[in-house]
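> Numbering (my numbering), first residue to last: 8 to 181. Note that CB positions come from ideal geometry on N, CA and C, so glycine has one too.
#1: What are the start and end residues of the alpha helix (DSSP H) that includes residue 119?
#2: Alpha carbon to alpha carbon, what distance is there between residue 35 and residue 14?
#3: Does the pairing of the stretch 42 to 50 with the stretch 111 to 131 give three or more beta-carbon distances under 8 Å?
#4: Does the distance from the CB of residue 109 to the CB of residue 53 come in under 8 Å?
#5: Residue 162: buried (16+ other C-beta within 10 angstroms of its C-beta) or exposed?
#6: Within a Cβ cutoff of 8 Å, which residues of the same chain sit near residue 105, ignoring the five residues on either side of it in sequence?
#7: Tell me whether residue 78 sits in a helix, a strand or coil according to DSSP, three-state version.
#8: Please state the DSSP three-state secondary structure of residue 170.
#9: Does DSSP put residue 16 in a helix, a strand or coil?
#10: Find the nearest neighbour of residue 165 within the set 22, 136, 152, judged by alpha-carbon distance.
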């Protein structure tokens, strides 16, 4: 029994000391994972995410539809005085898709292409699309984070301050 109590810690010590360390760093590295993402693909993802979620049609599209079509039913939401801008309402898809995804992607594209003269066209396309996205957001929600928006993705600012709609609209045109 005393020999067993002596051998067990000795075997554990030998296994610990003789553990393999060579090549251990590369063992859990995904060889197909991207180390750097082409900003063109990120911009493409931002463009795809600006397609409107279907729930917005319930409130915005019937305003036009009621003028040329007698149809009613699911699209009748726009005919009533309903506030649809809340975090749980039907238009929550606009905030989630545009602010959480589109703005984040566009800020990333602009940060990666700002100083690259070969990517000047992509940089300016991202600026235009960012202005469009902010116009949709501010038209829907009013005051929103603008100047500090999307910077939490690049740095540590995860609580951007809100800018007024009056300051956002003119700066989108510049």
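With the structure as the only source:
#1: 111 to 120
#2: 33 Å
#3: yes
#4: yes
#5: exposed
#6: 56, 57, 140, 143, 144
#7: With a pLDDT of only 47 at residue 78, under 50, the local geometry of the prediction cannot be trusted, and no value is derived from it.
#8: strand
#9: helix
#10: 152
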